[in-house]
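Presented below is the structure to which this report refers.
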Amino acid sequence: MDVLDINPFVLALSDPAAYQQQFPDCPITNGDIDGDGATTVLDINPFIALLVGG
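Heads up: the sequence shown at position 49 corresponds to 854 in the working numbering, and the numbers run straight through without jumps.
Following this line, the structure appears as C-alpha cells:
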C-alpha cells in the first residue's frame, strides 16, 4: 500500500459503482481494512495507519 492507493480508496467509499467500473479486477472488499466485511468510513483510520506504517 502506498499513496497511489488513496484515490481508489476514496472512490470506493464515495462511489462504489464507479470504483467497480474503473477497477474491475480489484474487489472493493480490498478496502475493508478493519475486517468487518464492508468498505466503509470505518476503514479510513486503519487505512491511514497502514499508509504511515502503523
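Every residue, glycine too, gets a C-beta built ideally from N, C-alpha and C.
What beta strand (DSSP E) runs, 3 residues minimum, are completely inside the stretch 816-851? none
To the nearest angstrom, how far is it from the Cα of A854 to the Cα of D820? Rounded to whole angstroms, the separation of the alpha carbons of D820 and A854 is 23 Å.
Per-residue DSSP class, three states only, for P808: Here the sequence assigns Val to residue 808, which means Pro is not the residue at that position. Residue state, collapsed to three classes: helix.
Measuring CB to CB, does L818 end up less than 8 Å from V857? Between L818 and V857, the CB-CB gap reaches or exceeds 8 Å.
Between the alpha carbons of Q825 and C831, how many angstroms are there, rounded? 8 Å
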